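One structure is given below, encoded as structure tokens.
In the UniProt record's numbering, the protein residues as written are 1 to 98.
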């Protein structure tokens with residue numbers, strides 16, 4: 001899961017990488033990571049709506065809904081394929097751990 005989230009940040013999502021990686025290294029659940037991101041991305045506000053939607057779809061959405069969201073911002077076939085693989089991998093890992 002740590003590797004998956006590291007790859008997600010490498011795709012260019014504006015997520016503070018240390019705030020994403022630290023909770024995962026300490027075995028915190030993804031909902032804790034999501035809460036941590038929303039608190040740290042902008043202390044006076046919530047994370048930007050586009051990022052919040054993308055993160056929510058990545059963690060809890062269907063692969064189809066997640067990819068539809070990614071396609072709004074990205075057209076590079078390699079990035080789209082990588083995003084799809086990340087979502088599939090994350091879903092498998094969450095199913096195995098859950």
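Just so you know, even glycine gets a beta-carbon here, dropped at the ideal spot from N, CA and C.
All of these numbers come straight from a predicted model, not from anything done at the bench.
Output needed for residue i: all residues of its chain with C-beta closer than 6 Å, excluding positions within five of it in sequence on either side, in chain order.
i, result
"residue 54", "69"
"residue 96", "none"
"residue 63", "87"
Is the Cβ-Cβ distance between residue i and residue j less than 7 Å?
i, j, result
"residue 66", "residue 87", "yes"
So for residue i, helix, strand or coil by DSSP?
i, result
"residue 62", "coil"
"residue 85", "helix"
"residue 75", "coil"
Keeping to the same chain, check which residues put their C-beta closer than 8 Å to that of residue i; ignore five residues upstream and five downstream.
i, result
"residue 74", "80 and 83"
Using alpha carbons as the reference points, say which of the options lies closest to residue i.
i, options, result
"residue 90", "76, 50, 71 and 58", "58"
"residue 50", "71, 78, 85 and 77", "71"
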